[in-house]
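Right, here's the structure in full:
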């Protein structure tokens, strides 16, 4: 069993608290991604799990064992680092088998394990090369193989793809997730905790995602839930590309005022709205959830286009609405300049997918079943 549990986990650097009593459960065989901006303590959390940072409060359990005071080598974990951390003087074969040789495993076992791992990761042709003779993608596969060969209870990945170019990152995302699925299908240990600042990696790789900010957990959920039902304005603005538009607004009855303009909230929004919601709110709409409409259409916001980006199949419009910049994404075929009088556009938000957040606390007050 490779379940991971964090209970009231804290990290204090002599007066600066980096991690604020977080709680997280990672199920046996789950691929959990820790994501957040730089400085949110996701890597610090991973290093505490690995035993590379001392825990100053709370508990870490791997399987049935409390591991706070155990050395890294006694925790049943294997870690893949951002910079690969391969031994430069050792050929790939020895880099892969180094952990098993330290444990004085039989030569036949080491050779078979090296062969199995190199076949899984398709690095058999590189076994006699030195790390300096490998490309970035090849070196990263060797680093993954060195973790895999140890058969750990939990795999820990710390920004493993950040040094690769965009095309190679995409292919390595697929390779790592396919490897995880293969391990699960074969009944092998496959619990993964994966740290990244790249929300595309998080959304495409994780079974669940833990969004962090300043040493605190903002939300833990599967990718679809995070995108469609963000618990707060931070998650809404962090998850999604381009990010969700977050616009200051004031609520009076069923009317939402944005500067001098207003929107009438329909049943789709009012039914989801917490009746105790404050009047000072933030209106959240994803860029893809606006429609460009003509002058005769009601319940739309008027703004001035400041910039247009043609992205091929999509067009990004940067629109100033009451002094607040918004991004609107429309398909290239739907981009009709005849609906734009000069640089003025009218934007109709989809209320079925929009959200309202408390401006003070950031809490999503338009998810009725969360209250």
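Numbering (my numbering), first residue to last: 8 to 378.
Glycine residues also receive a C-beta, built at the ideal position from the N, C-alpha and C atoms.
Span of the beta strand (DSSP E), counted from its first residue to its last, around residue i
i, result
"residue 176", "Careful: residue 176 lies outside any beta strand (DSSP E), inside the alpha helix (DSSP H) at 173-192."
"residue 85", "84-87"
"residue 24", "23-33"
"residue 362", "362-365"
"residue 14", "11-20"
Bridge partners - residue i, DSSP secondary structure assignment
i, result
"residue 118", "According to DSSP, which records beta bridges pairwise, residue 118 is partnered with nothing at all."
"residue 39", "200 and 215"
"residue 352", "310"
"residue 163", "86 and 200"
Beta-carbon contacts of residue i that lie in its chain and below 8 Å, excluding the five residues immediately before and after
i, result
"residue 262", "269, 270, 271 and 272"
"residue 253", "240, 243, 244, 289, 290, 291 and 364"
Burial state of residue i (16 or more Cβ within 10 Å)
i, result
"residue 282", "exposed"
"residue 340", "exposed"
"residue 119", "exposed"
"residue 37", "buried"
"residue 275", "exposed"
"residue 353", "buried"
"residue 362", "buried"
"residue 370", "buried"
"residue 219", "buried"
"residue 91", "buried"
"residue 133", "buried"
"residue 201", "buried"
"residue 102", "buried"
"residue 287", "exposed"
"residue 108", "exposed"
Contacts around residue i, its chain only, beta-carbon distance under 7 Å, and the 5 residues preceding and following it disregarded
i, result
"residue 63", "17, 18 and 19"
"residue 60", "18, 51 and 54"
"residue 12", "32 and 68"
"residue 314", "325"
Residue span of the alpha helix (DSSP H) that contains residue i, given as start and end
i, result
"residue 63", "It is not in any alpha helix (DSSP H) - residue 63 carries neither H nor E in the DSSP assignment."
"residue 276", "274-277"
"residue 107", "99-109"
"residue 145", "143-155"
Own chain partners of residue i with C-beta closer than 6 Å, once the 5 adjacent residues on each side are dropped
i, result
"residue 191", "36 and 197"
"residue 176", "168"
"residue 251", "243, 244, 291 and 293"
- Ignoring anything shorter than 3 residues or poking outside the stretch 185-269, list the beta strand (DSSP E) runs there in chain order. 198-203, 215-220, 223-228, 252-259 and 262-265
- Length at least 3, wholly inside the stretch 281-338: the beta strand (DSSP E) runs in chain order: 287-292, 297-300, 308-317, 321-328 and 331-338
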